[in-house]
Amino acid sequence: MEGDGVKRAVVVVAGDDDDDELFELDIAMLDRHYYHHQLDDDDRIRSEGEGEEDGGGDALLANCLLPFPDLFSSAAVCASWRATFRALFGLGIYTRPQTLCLFYTSTAAGARVSELYSVAAGMSYTLPDLPDPPITERYIFGASHGWLVTADARSELHLLNPATGEQVELPSITSVEHVAAVLDGADELVRYDLSFYGTVIPRRETQPPQPYGLDELREVLYIKVVLSCDPSRCGAGDDYVVMLIHNPNRQLSFARVIGLGGGERRWHWVSNSLPCAEYSDCIYHDGAFHAMILQGRIHRYTIQGSRAKLDVVFEDTLPYIADHMYVARTSSGNLLQIWRITDDPTDELPEMHTLDFDIYKIDFDKQDILNIDTLGDDAFIVGNSYTCFLSTMDFPKLLPGCVYFNEHSEYWLMDSKDTRKDIGIYSFEDKSVQELVSPHPGLTWPNPIWIMLSFTKIK
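The opening residue of the sequence shown carries number 167 in the numbering used here; numbering runs sequentially from there.
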């Protein structure tokens, strides 16, 4: 099989009982034919057919390839299989939808090593080394469409795909409205100054600008980042939008990015005439960003060039500020408010724990919310990853009626990097919380985060 000049990817399919099957895919011929070979017990190759008439090699490859746990298992067999595993991911054509994973790091394994806990497999896998800067030196402020949003030691943001190893440098932090770069006599960057004013024009500063070290501003500025789409799914030359929830006062800024970092290379501040618009969460829905403030109001922002057109689509539902509120779209298309109830850390127990969730369906016509006590077959993700519902019909390994959550209390989190993080699965049926992995991954930094992997590379 080796030495014939044909690039192949070898993967293992876990069959019923002990009837595992070994498949070999001729990658070099995918643009013309698809070959599906099964090894008999006597190592003879039996051809199963060609797929040119059935939609082309890429589509067939996407249909036949395995969920990633089986691929990771195959990589552990031997050095040659591991090399094939890396080559397959390097091609960037693995497009099969993936189930939910928890991304985390292990300092004992090295600064560039990361782990994935697969919900489908119920076990953890080690990822190939990720590009610099080392992942353990970054902070994570979001996960959308298979991409992590990380901040390096200079507080600059990067998109990172942990499956393909691709990385995108986002526009510099110095183009954020409230941030100014401070240089020394040799024009070297030495610190940032952060100004404090809200979204209302004209600007009114509430205090003098505050200085922050290069690695300090990320702890204060960033809250959450979401993407409008998977960058690898954009057409050549098409852009995608990165929306940033940031301080002071939980404001919004966005950037338009093309491919691996092209585009305008700046952040556009979203200013408006609405005081006290402190945002708690944001999703991309029906061609626009829907951002919810801490009292439950929802603003729809349609991105038009360098401007964000504002429509207030839902008014406040709370007379007070709720620190842990999320907005999500269900598999049936409804928008929900999600309230997360936690305890408060104490000196005796310096950890935060999620106790309960309240979920409300948003009625835009009546401008009201309706409490619901069941998720049906849905599960959903909350935290600093993209808030979304997942149908357990599409992802059968997920638990119906459950919430997969991670830590998202930004101020407590930054002061408690070495403390156990609030990660787990909450069941609406019995109001219980279960942990995932033993030992618990919550003692690692950066903060573990839920992610749906994407194995497609940017065009």
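For glycine and all other residues, C-beta sits at the position ideal for the given N, C-alpha and C. Since we're looking at a predicted model, the values are computed, not measured.
Item to complete: Look up residue 335 in the DSSP assignment and say whether it is helix, strand or coil.
Response: For the purposes of this step, residue 335 is taken as residue 169 along the sequence shown, with counting starting at 1. Correct three-state label for residue 335: strand.
Worksheet item: Are there three or more Cβ pairs, one per stretch, closer than 8 Å when the stretch 360-373 is compared with the stretch 400-408?
Response: Verdict: no, contact absent.
Discussion item. On the DSSP letters alone, give me the boundaries of the alpha helix (DSSP H) that residue 342 sits inside.
Written reply: Reading the sequence shown from its first residue, position 176 is the one you call residue 342. Here residue 342 belongs to no alpha helix (DSSP H), and DSSP marks it neither H nor E.
Worksheet item: Is it right to say residue 613 is buried, meaning 16 or more other beta carbons lie within 10 angstroms of its own, or is it exposed?
Response: In the sequence shown, counting from the first residue as 1, residue 613 sits at position 447. Taking all protein chains in view, the Cβ of residue 613 is crowded by 16 or more other Cβ atoms within 10 Å, so the residue is classified as buried.
Worksheet item: Ordered along the chain, which non-local residues of its own chain (more than five positions away) have a Cβ less than 7 Å from that of residue 559?
Response: Reading the sequence shown from its first residue, position 393 is the one you call residue 559. Cβ within range, chain order: 543.
Worksheet item: What is the DSSP secondary structure of residue 627, reduced to helix, strand or coil?
Response: Any answer about residue 627 is impossible in this case: the structure gives the chain only from 167 up to 625.
Worksheet item: Who are the Cβ neighbours of residue 313 in its own chain at under 6 Å, not counting the five residues just before and after it?
Response: Taking the sequence shown and counting its residues from 1, the one referred to as residue 313 is at position 147. Correct list, in chain order: 325 and 327.
Worksheet item: Which two residues bound the contiguous beta strand (DSSP E) that contains residue 618?
Response: On the sequence shown, position 452 is the one that residue 618 refers to. DSSP places residue 618 inside the beta strand (DSSP E), whose first and last residues are 615-618.
Worksheet item: Using the beta-carbon count (16 or more within 10 Å), is residue 514 buried or exposed?
Response: The count along the sequence shown starts at 1 and reaches residue 514 at position 348. The residue in question, residue 514, is exposed, as its Cβ has fewer than 16 Cβ neighbours within 10 Å.
Worksheet item: Which of helix, strand or coil does DSSP assign to residue 559?
Response: For the purposes of this step, residue 559 is taken as residue 393 along the sequence shown, with counting starting at 1. Reduced to three states, the DSSP call for residue 559 is coil.
Worksheet item: Quick one: what's got a C-beta closer than 8 Å to residue 391's C-beta in the same chain, skipping five residues either side?
Response: In the sequence shown, residue 391 corresponds to position 225, counting from 1. Only residues of its own chain outside the window of five on either side were considered, and among them 307, 308, 310, 315, 323, 408, 409, 410 and 411 have a CB closer than 8 Å to the CB of residue 391, listed in chain order.
Worksheet item: Which residue spans inside the stretch 490-561 form an unbroken beta strand (DSSP E) run of at least 3?
Response: At a cut-off of 3 residues, the continuous stretches assigned as beta strand (DSSP E) that sit fully inside the stretch 490-561 are 491-495, 501-508, 520-529, 534-538, 544-548 and 554-557.
Worksheet entry | Secondary structure of residue 624, DSSP reduced to three states | On the sequence shown, position 458 is the one that residue 624 refers to. The answer is coil: DSSP assigns residue 624 none of H, G, I, E or B.
Practice prompt. For the beta strand (DSSP E) holding residue 478, just list the boundary residues, first then last.
Written response: Within the sequence shown, the letter at position 312 stands for residue 478. It spans 473-480 - the beta strand (DSSP E) in which residue 478 sits, taken as one unbroken run.
Item to complete: Please confirm if the stretch 486-498 is in contact with the stretch 535-555, defined as three or more CB-CB distances below 8 Å between the two stretches.
Response: Enough Cβ pairs lie closer than 8 Å, so yes.
Worksheet item: So does the stretch 365-384 actually touch the stretch 338-357, counting three or more Cβ pairs closer than 8 Å?
Response: Taking a contact to require three or more Cβ pairs closer than 8 Å, the stretch 365-384 and the stretch 338-357 qualify as touching.
Item to complete: Identify the continuous alpha helix (DSSP H) that holds residue 386 and give its terminal residues.
Response: By 1-based counting over the sequence shown, the position of residue 386 is 220. Where residue 386 is concerned, the enclosing alpha helix (DSSP H) stretches over 383-387.
Discussion item. Using 8 Å for Cβ pairs, my map puts residue 279 next to residue 272. What's the rounded Cβ distance?
Written reply: Residue numbering aside, residue 279 sits at position 113 when the sequence shown is read from its first letter. Residue numbering aside, residue 272 sits at position 106 when the sequence shown is read from its first letter. Here residue 279 really is in contact with residue 272; their C-beta atoms are around 6 Å apart, less than 8 Å.
Discussion item. Along the chain, where does the alpha helix (DSSP H) containing residue 447 start, and where does it finish?
Written reply: Against the sequence shown, residue 447 aligns to sequence position 281. No alpha helix (DSSP H) holds residue 447; the beta strand (DSSP E) holding it covers 445-451.
Fill in: Nearest-angstrom Cα separation, counted from residue 533 out to residue 478
On the sequence shown, position 312 is the one that residue 478 refers to. On the sequence shown, position 367 is the one that residue 533 refers to. Cα-Cα distance, rounded: 11 Å.
Worksheet entry | DSSP three-state assignment for residue 303, whether helix, strand or coil | Translated into positions along the sequence shown, residue 303 becomes position 137. It is helical.
Fill in: CA nearest to the CA of residue 482, picked from 469, 519, 365 and 530
Working through the sequence shown from its first residue, we reach residue 482 at position 316. Ranking 469, 519, 365 and 530 by Cα distance to residue 482 puts 530 first.
Discussion item. For residue 268, report the span of its beta strand (DSSP E) as first-last.
Written reply: In the sequence shown, the residue the question calls residue 268 occupies position 102. Taken as a continuous stretch (DSSP letters only), the beta strand (DSSP E) holding residue 268 covers 266-271.
Worksheet entry | Neighbour-count burial assignment, residue 282, 16 or more Cβ in a 10 Å radius | As a position in the sequence shown, residue 282 is number 116, starting the count at 1. Burial state of residue 282 is buried, judged by a 10 Å Cβ sphere holding 16 or more other Cβ atoms.
Discussion item. Taking DSSP's pairing of strands, which residues face residue 313 in a bridge?
Written reply: Taking the first residue of the sequence shown as position 1, residue 313 is located at position 147. Residue pairing by DSSP places residue 313 opposite 310 in a beta bridge.
Worksheet entry | Among 586, 284 and 553, nearest to residue 455 - alpha-carbon criterion | Position 289 of the sequence shown, counted from the start, is the residue given in the question as residue 455. Closest option to residue 455, Cα to Cα, is 553.
Item to complete: Count the other C-beta atoms from every protein chain shown that fall within 10 angstroms of the C-beta of residue 397, then say buried if there are 16 or more, exposed otherwise.
Response: Within the sequence shown, residue 397 is the residue found at index 231, counting from 1. By the 10 Å Cβ count, residue 397 comes out buried.
Worksheet item: Does the Cβ of residue 137 have 16 or more other Cβ atoms within 10 Å, making it buried, or fewer, making it exposed?
Response: In the structure as shown, the chain starts at 167 and stops at 625, and residue 137 therefore has no counterpart that could be examined.
Item to complete: Over the uninterrupted beta strand (DSSP E) stretch that includes residue 291, give me the two end residues.
Response: Sequence index remark: in the sequence shown, residue 291 carries index 125 (1-based). Secondary structure note for residue 291: its beta strand (DSSP E) is the uninterrupted segment 289-292.
Worksheet item: Does the beta-carbon of residue 349 have 16 or more other beta-carbons within 10 angstroms, so that it is buried, or is it exposed?
Response: Taking the sequence shown and counting its residues from 1, one reaches residue 349 at position 183. The C-beta of residue 349 has fewer than 16 other C-beta atoms within 10 Å across all chains shown, which makes the residue exposed.
Fill in: Classification of residue 539 by the beta-carbon crowding that lies within 10 angstroms, buried from 16 upward
Here residue 539 corresponds to residue number 373 of the sequence shown, with the count starting at 1. With fewer than 16 other CB atoms across the displayed protein chains lying within 10 angstroms of its CB, residue 539 is exposed.
Worksheet item: Three-state secondary structure (DSSP) at residue 576?
Response: On the sequence shown, residue 576 is found 410 positions in, with the first residue counted as 1. Helix at residue 576.
Item to complete: Along the beta strand (DSSP E) that carries residue 421, what are the first and last residues, could you check?
Response: Translated into positions along the sequence shown, residue 421 becomes position 255. Per DSSP, the continuous beta strand (DSSP E) segment holding residue 421 begins and ends at 417-424.
Fill in: Length of the line joining the Cα atoms of residue 500 and residue 469
For the purposes of this step, residue 500 is taken as the residue at position 334 of the sequence shown. For the purposes of this step, residue 469 is taken as the residue at position 303 of the sequence shown. Approximately 22 Å, taken between the alpha carbons.
Worksheet entry | Residues near residue 450 by beta carbon distance below 6 Å, same chain, minus five either side | Within the sequence shown, residue 450 is the residue found at index 284, counting from 1. Closer than 6 Å at the Cβ level, and outside the excluded window around residue 450, lie 394.
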